[in-house]
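One structure below.
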Amino acid sequence: MKIIDPHIHVSSRTTDDYIAMRKAGIVAIVEPAFWMGQARTEIGSFKDYFASLVGWEQFRASQFGIKHYCAIGLNSREANNVALAEEVMEILPLYLHKENVVAIGEIGYDDQTDAEDRFFREQLELAKEVDLPVMIHTPHRDKKNGTTRSMDVVEEHGVDPSTIVIDHNNEETVKEVLDRGYWAAFTIYPHTKMGNDRMVEVVKQYGSERIIVNSAADWGVSDPLAVPKTAALMIEKGISLEDVNLTCYQNALSIYGLSGNMKESDWDESDIDQSERYDGNSVLRGQEPKKTTSNNIVEN
Amino acid sequence: MGFPSIIENICNKVLIDTELLWFQEKLEKLKTNHLPKDLYLAFGLVHRKINKNIAVLDSSDLTSLKEVFPEFGEMTWSSDQICRLAFMLTVPKKENKKLFVNMLNAGDVNEQIALYKAIYFLENANDFILEVVNGIRTNITSVFDSIALENPFPTQNFTEEAWNQMVLKAIFMDRPIFKIPGLEERKNENLANTLQDYAHERWAAGRSVTPELWRLTSGFVDEKLLSDLQRVISNDISLAKEVAIKVINESSFQPARDWLSKQNLQPSSKSWAELGTLSLQTKE
Chain A
0 MKIIDPHIHV
10 SSRTTDDYIA
20 MRKAGIVAIV
30 EPAFWMGQAR
40 TEIGSFKDYF
50 ASLVGWEQFR
60 ASQFGIKHYC
70 AIGLNSREAN
80 NVALAEEVME
90 ILPLYLHKEN
100 VVAIGEIGYD
110 DQTDAEDRFF
120 REQLELAKEV
130 DLPVMIHTPH
140 RDKKNGTTRS
150 MDVVEEHGVD
160 PSTIVIDHNN
170 EETVKEVLDR
180 GYWAAFTIYP
190 HTKMGNDRMV
200 EVVKQYGSER
210 IIVNSAADWG
220 VSDPLAVPKT
230 AALMIEKGIS
240 LEDVNLTCYQ
250 NALSIYGLSG
260 NMKESDWDES
270 DIDQSERYDG
280 NSVLRGQEPK
290 KTTSNNIVEN
Chain B
0 MGFPSIIENI
10 CNKVLIDTEL
20 LWFQEKLEKL
30 KTNHLPKDLY
40 LAFGLVHRKI
50 NKNIAVLDSS
60 DLTSLKEVFP
70 EFGEMTWSSD
80 QICRLAFMLT
90 VPKKENKKLF
100 VNMLNAGDVN
110 EQIALYKAIY
120 FLENANDFIL
130 EVVNGIRTNI
140 TSVFDSIALE
150 NPFPTQNFTE
160 EAWNQMVLKA
170 IFMDRPIFKI
180 PGLEERKNEN
190 LANTLQDYAH
200 ERWAAGRSVT
210 PELWRLTSGF
220 VDEKLLSDLQ
230 RVISNDISLA
240 KEVAIKVINE
250 SSFQPARDWL
260 SKQNLQPSSK
270 SWAELGTLSL
280 QTKE
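Each protein sequence line maps, in turn, to chains A and B.
Letter 182 of the first sequence, counting from 1, is numbered 181 in numbering that gives the first Met the number 0, and no numbers are missing.
Letter 142 of the second sequence, counting from 1, is numbered 141 in numbering that gives the first Met the number 0, and no numbers are missing.
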């Protein structure tokens, strides 16, 4: 079964994760720009980060047979440093037309401050201008209000809900998000977001239309295999293969495919350039990816 | 005909219908008002608008290129890369350094490739030496290849130090070095010595080295190198043996020639490029 993880911060993950992800069926991923666990203090940090999302990381992913896309944006936490945020807004247009950019994201609210509101709105306007989908992060705290407010603001700016993914939903937010015509993404992330047994129940109740599963795996205790594990659990619990395919593959492709930069043929055609294959690469440095479980030998 | 016009003509031939209309509109705009924003946007949108097929140059293109940049015809270009070059050529040379550096820093993989291939064809190409030398530090194979392979920029502009670094890295990354222009002309003793050390390190670790490596020692055979070539001739794969024999045959170091003449070995009739091609094929 083919899987897409449409929200994973792979820059924070190891090559072992990439190997496991590919083995579990993940063929494509979307890495949204976000904070690094601590605040950036210089515009140069943003430049280099965005450059790595459109350059190095997609090459690194390709070494493991995974097609890497990204979303570019100013995240809500760092919107609160207004002087720096203004500088970031100035450089964003430089990156939005890159070949693997499929959305503006992840943007939205964290503490729901005035500064967050300002840059959220400015980026919605930017999305209209460049015609890209948007990935919206909903806050951990005061989630329900924050989610409703996010959608109100989207509509105030006249952005079409069918081009928007509202992320990090739970049982409390999903109904309104779907009713208002948005894509509803769920993050399977231990302790702070959702477990995958809850996800199965959501799909049982709401079906598979416009519902998307992701891992949001990052530098925290998280699971880069959350999507394939959820797919497996859904099958085990009797959810139809069609619904599993929609929630764990096709819906992500449909929404981010609106960018024009993400197509099934990107990973289905195997005529990849020799320099992009395993051999001759500079991540594996001539080693084969590890295929077996660990033993005490460190391979030469 | 000037180089920009030749490139524009090639674009007009390799692009079709909507691609061509888009290209011509953008090109005219860039020629009239040189706005950085327009350049960034047009350059960035090429991947959405233009195909990536290999562009086939016809004989009239090659004839006109002969006058200005025959090297262009010896490189492999895709349609999108030629379009990006055409856009870059609209920028006056007084302004291009800052813009192209910005574009390199913010570039995705295919943009970086297009930029590194195009730099050689700028009037002020040698303003970009530092950038291209830094480009060699990339670990993205296709970006490295865009500088090292087929591209005449390094051989014409790199110092010996930068050149040696590039060739060594090409070998380290297992790239087909016979595709490096100037490889023969820029052989040097320092590089031969470094490569010899590299081979020893690989052998100590129980690893092999690419047969192509030995061609870079040709002309620098001495007692120490001879013992390595002897080792290759007795232990390595047949292609490496053939290369080592060729190195000794090209050498004026008499002890090496004397030793070889006693071995009753067939000299290689192949060129370095043919041996490099064979080496590449065995890897595929």
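Positions of the beta carbon are idealized from the N, C-alpha and C atoms, including for glycine.
For residue i, which residues in the same chain have their Cβ closer than 7 Å to its Cβ, ignoring the five residues on either side in sequence?
i: A/Glu115; result: Ser75, Ala78, Asn79, Tyr108 and Asp109
i: B/Ala243; result: Trp213, Leu228, Val231 and Ile232
i: A/Asp178; result: none
i: B/Asp37; result: Lys28 and Leu29
i: B/Ala117; result: Arg83, Leu84 and Met87
i: A/Val81; result: Ala114
i: B/Ile128; result: Asn156
Helix, strand or coil for residue i per DSSP?
i: A/Ser207; result: coil
i: B/Ser278; result: helix
i: A/Thr13; result: coil
i: A/Trp182; result: strand
i: A/Lys4; result: Note on identity: in this sequence residue 4 of chain A is Asp, with Lys being the wrong assignment. A/Asp4: strand per DSSP, three-state reduction.
i: A/Tyr188; result: coil
i: A/His156; result: coil
i: A/Glu30; result: strand
i: B/Ala54; result: coil
i: A/Met193; result: strand
i: A/Ile234; result: helix
i: A/Tyr48; result: helix
i: A/Lys142; result: helix
i: A/Tyr94; result: helix
i: B/Ser268; result: coil
i: B/Ile118; result: helix
Excluding the 5 residues preceding and the 5 following residue i in the sequence, name in chain order all residues of the same chain whose CB lies nearer than 8 Å to its CB.
i: B/Arg174; result: Thr140, Phe143, Asp144, Ala147 and Leu148
i: A/Glu171; result: Lys142 and Lys143
i: B/Ser217; result: Lys186, Lys245, Val246, Glu249 and Ser250
i: A/Leu95; result: Ile71, Ile103, Leu125, Val129 and Leu131
Nearest CA to the CA of residue i: which residue from the options?
i: A/Lys192; options: A/Ser44, A/Asp178, A/Ile210 and A/His167; result: A/His167
i: B/Tyr197; options: B/Lys97, B/Ile170 and B/Ile128; result: B/Ile170
i: B/Lys261; options: B/Ile49, B/Asn248, B/Lys269 and B/Trp271; result: B/Asn248
i: B/Asn187; options: B/Phe71, B/Gln164 and B/Val90; result: B/Gln164
i: A/Leu91; options: A/Glu208, A/Glu56, A/Arg209 and A/Leu52; result: A/Leu52
i: B/Ala41; options: B/Met102, B/Val208, B/Trp162 and B/Ser267; result: B/Met102
i: A/Lys236; options: A/Glu89, A/Val202 and A/Thr112; result: A/Val202
i: B/Pro35; options: B/Asn138, B/Glu27, B/Ser63 and B/Val90; result: B/Val90
i: B/Gln155; options: B/Glu7, B/Glu184, B/Lys65 and B/Asn32; result: B/Glu184
i: B/Asn32; options: B/Phe86, B/Ser267, B/Cys10 and B/Gly1; result: B/Phe86
i: B/Thr75; options: B/Asn52, B/Asn263, B/Lys269 and B/Asn192; result: B/Asn52
For a cutoff of 8 Å on Cβ pairs, would you count residue i as touching chain B?
i: A/Ala60; result: no
i: A/Trp34; result: no
i: A/His96; result: yes
i: A/Leu93; result: yes
i: A/Pro53; result: Looking at the sequence itself, residue 53 of chain A is Val, so the reference to Pro does not match. It does: the Cβ of A/Val53 has a partner Cβ on chain B nearer than 8 Å.
i: A/Gly104; result: no
i: A/Tyr277; result: Below a pLDDT of 50, predicted positions are generally treated as unreliable, and A/Tyr277, at 39, falls in that range; the measurement from the model is reported next regardless. Chain B, which has no Cβ nearer than 8 Å to the Cβ of A/Tyr277, makes this no.
i: A/Gly64; result: no
i: A/Ala27; result: no
i: A/Gly259; result: yes
i: A/Val192; result: The question names Val, but residue 192 of chain A in the sequence shown is Lys. No, A/Lys192 does not count as interfacial toward chain B.
i: A/Asn80; result: no
i: A/Lys262; result: no
i: A/Lys46; result: yes
i: A/Asn168; result: no
Does residue i have its Cβ less than 8 Å from a Cβ in chain A?
i: B/Ile139; result: yes
i: B/Arg47; result: yes
i: B/Gln80; result: no
i: B/Gln111; result: yes
i: B/Val300; result: Residue coverage of chain B in this structure runs from 0 to 283, which leaves residue 300 of chain B outside it and unanswerable.
i: B/Ala124; result: no
i: B/Ile105; result: Before going further, note that residue 105 of chain B is Ala rather than Ile in the sequence given. Interface residue, yes.
i: B/Leu44; result: yes
i: B/Leu84; result: no
i: B/Leu40; result: yes
Between which residues of its own chain and residue i is the CB-CB distance below 6 Å, once the five residues before and five after are set aside?
i: A/Gly206; result: none
i: A/Met20; result: Pro223
i: A/Lys66; result: Ala27, Asp265 and Trp266
Give a yes or no on contact between the segment 30-39 of chain A and the segment 232-248 of chain A, applying the rule of three or more CB pairs nearer than 8 Å. The segment 30-39 of chain A vs the segment 232-248 of chain A: no contact.
Decide if the segment 180-187 of chain A is in contact with the segment 155-170 of chain A; the criterion is three or more beta carbon pairs, one per stretch, under 8 Å apart. Contact between the segment 180-187 of chain A and the segment 155-170 of chain A is present, because at least three Cβ pairs lie under 8 Å.
Counting pairs of beta carbons, one from the segment 104-123 of chain B and one from the segment 80-90 of chain B, are three or more of them closer than 8 Å? In short, these stretches touch, since the Cβ pair count reaches three.
When the Cβ atoms of the segment 120-134 of chain B are set against those of the segment 90-105 of chain B, are three or more pairs found closer than 8 Å? Judged by Cβ distances under 8 Å, the segment 120-134 of chain B makes contact with the segment 90-105 of chain B, as three or more pairs qualify.
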